[in-house]
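S.K.:
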Amino acid sequence: MEKSYYVVTFKQDYLELLREINPEDTLDDNETATRMIIAITQGGFGQDVIDDERQAKERFLEYLFFSADIDLPRTVEVFDRYFEIDPADEFIDLDSEL
Numbered sequence: 001m002e003k004s005y006y007v008v009t010f011k012q013d014y015l016e017l018l019r020e021i022n023p024e025d026t027l028d029d030n031e032t033a034t035r036m037i038i039a040i041t042q043g044g045f046g047q048d049v050i051d052d053e054r055q056a057k058e059r060f061l062e063y064l065f066f067s068a069d070i071d072l073p074r075t076v077e078v079f080d081r082y083f084e085i086d087p088a089d090e091f092i093d094l095d096s097e098l
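Heads up: the sequence shown at position 94 corresponds to 94 in the working numbering, and the numbers run straight through without jumps.
1) Less than 9 Å separating the beta-carbons of residue 85 and residue 9?
2) So what's residue 68 in DSSP terms, helix, strand or just coil?
3) According to DSSP, simplified to helix, strand and coil, what is residue 3?
4) Beta strand (DSSP E) containing residue 38: first to last residue?
5) CB-CB under 8 Å to residue 11, same chain, minus the five flanking residues each way: which ones, in chain order?
6) Roughly how many angstroms lie between the CA atoms of residue 52 and residue 42, to the nearest whole one?
7) When you compare only the Cα positions, how much space is there between residue 78 and residue 72?
8) For residue 13, which residues of its own chain have a beta-carbon under 7 Å away from its beta-carbon, when the five flanking residues on both sides are left out?
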């Protein structure tokens with residue numbers, strides 16, 4: 001099975017949503033993670049994934065629900081409102097042996 005890697009960038013709308021959820025938190029744009037690298041397994045026996053980017057978007061929103069208790073609809077439209085996604089051109093694991 002192969003993994004696909006993406007860079008997810010948080011948009012300003014997401015930071016504003018976080019402020020609305022928790023107004024007491026003095027959230028500073030510079031203190032908040034603005035980019036994350038995500039990986040998702042693609043393909044394999046019995047898996048017919050046509051659009052791996054779409055699956056990555058939906059699964060990322062699911063991750064937010066379980067990790068940060070932020071319950072957003074798991075749709076591409078919601079993801080695109082709050083985040084940007086770009087395929088990583090190359091992923092290098094510096095800990096793996098050459």
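Each residue gets a CB set at the ideal place from its N, CA and C atoms; glycine is no exception.
M.R.: Checking against the coordinates, here is how it stands:
1) yes
2) helix
3) strand
4) 35-42
5) 81, 82, 83, 84
6) 7 Å
7) 7 Å
8) 81, 82
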